[in-house]
Amino acid sequence: MTKKVVVHQIVGHRFLGVNEQGDKVMIDGDQPATGPRPMELLLMALGACTAYDVVDIMRKKKQPLARYRVEVEGERAETHPKRYTRITVTHIASGPGVTLEALERAVHLSHTKYCSVSATLNAEITTRVVLEPWEGEEGEG
């Protein structure tokens, strides 16, 4: 399967990325910025990719997440090409009946088997999992 996107220069270091379906994202390197920088988009892509997997896996385990976010932090090399050398992905979730064991397993499966963005990156990627206490009603979510 082949995917294609087109990146159009708007002005200076401001670009518009367009996928085959016509979805658009502003990519910015100018000041003031009107959109994320390319390296920030890379972190967002990793976060979204693994989140997609974790949501699906937890639903299949019959432990759907009521609240969930992924925080991604990348450390870049000092010299060019200034790639990410280390990335930390923190999964923070809660929900009625959600167990830490199931969440950790879902995160592990995503990062080692399913997330294509993670598999594409040439960086040391570590994960953390935080299960927050569920404060809602049982069955809510």
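The opening position of the sequence shown corresponds to residue 46 in the numbering used here, with each subsequent residue numbered one higher. Glycine included, every Cβ here is placed at the ideal spot set by N, Cα and C.
Here the alpha carbon of S163 sits roughly 14 angstroms from the alpha carbon of V115.
Restricting attention to V117, M71, T144, the CA atom closest to the CA of K106 is found in T144.
Contact between G62 and V70 holds, since their C-beta atoms are separated by about 5 angstroms, short of 8 angstroms. In the DSSP assignment, the residues bridged to G62 are V52, V70.
Taking 8 angstroms as the upper bound for CB-CB distance, F60 and V52 are in contact here, some 5 angstroms apart. Here S139 is actually not in contact with R121; their C-beta atoms are around 31 angstroms apart, not less than 8 angstroms.
When the beta-carbon positions are compared, A96 and H156 stay at least 9 angstroms from each other. A straight line joining the alpha-carbon of E123 with that of E182 spans about 48 angstroms. Taken in chain order, the complete beta strand (DSSP E) segments of 3 or more residues contained in the stretch 128-167 are 129-139.
For V175, the closest alpha carbon among the candidates R128, A151, Q66, M46 is that of A151.
Less than 9 angstroms divides the Cβ of L91 from the Cβ of L166. In chain order, T133 place their CB closer than 6 angstroms to the CB of T171, counting only its own chain and leaving out the 5 sequence neighbours on each side. In this structure D68 is exposed. Its beta-carbon is surrounded by fewer than 16 other beta-carbon atoms within 10 angstroms. In this model, K127 and G142 are separated by some 42 angstroms (Cα to Cα).
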